Each structure stands twice: as C-alpha cells, then as structure tokens.
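Comments concern the structure below.
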Amino acid sequence: MKKKYNIRELNLQEVHVEDLFQLVDPWALKVLLLLEDDNEDTEIMMENMLSYFVEVEQYEYAIVIRDLVIGKNEKANRF
1 MKKKYNIREL NLQEVHVEDL FQLVDPWALK VLLLLEDDNE DTEIMMENML
51 SYFVEVEQYE YAIVIRDLVI GKNEKANRF
C-alpha cells in the first residue's frame with residue numbers, strides 16, 4: 001500500500017521517489033527542490049533521483065533535476 005502525503009507538508013527526504021509521479025508534475029518538483037536546504041543530503045537525494053528517473057525513462061523529471069544540479073555547480077564555480 002502506498003503512503004499518502006499531504007502536498008503542503010511534503011518533505012522530499014521522506015517521500016519514496018516512485019510516488020513522485022502521482023504527487024507532482026516535473027515543474028512542481030523543481031519548485032519543491034528549490035525550497036529544500038542546500039546541503040549534502042539534498043545533493044545526494046538529487047543524484048539518486050536523477051539516476052532513478054533516467055532508469056525508468058521519466059526524462060521530464062530527470063531534465064529538471066539535471067538542470068538544477070548544473071545550476072548549483074555553476075553557481076559554486078563562480079565563487
């Protein structure tokens with residue numbers, strides 16, 4: 001049985017990546033990821049999500065995460 005989440009209280013660290021397809025579209029996922037703290041746990045979570053989305057051929061989600069990772073890396077390299 002799938003766990004039910006309240007979208008207003010959604011914490012991506014606690015959501016199973018398989019459930020994201022039913023909870024949010026790719027652009028809402030981007031907003032949720034932008035709201036996450038910028039730390040090592042979030043980076044690891046995003047890397048795992050990217051791998052999963054590519055594996056299951058959910059490329060819209062993978063592109064959103066890839067672009068966020070690239071943006072964070074470019075921002076870090078500027079300083």
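Going letter by letter, the sequence shown gives residues 1 to 79 in my numbering. Using N, Cα and C, we set each Cβ at its ideal position, and we do this for glycine too. Keep in mind the model is a prediction, meaning the values are calculated, not measured.
Quick one: give me the first and last residue of the alpha helix (DSSP H) that E43 is part of. E40 to E55
By how many angstroms is the C-alpha of V64 removed from the C-alpha of V31? 10 angstroms
Where does N11 fall in DSSP's three states? coil
Are the Cβ atoms of M46 and V69 separated by less than 7 angstroms? Yes, the Cβ-Cβ distance between M46 and V69 is below 7 angstroms.
Measure the CB-CB distance between V54 and A62 and report whether it falls below 7 angstroms. Against a cut-off of 7 angstroms, the Cβ pair of A62 and V54 comes out as a contact.
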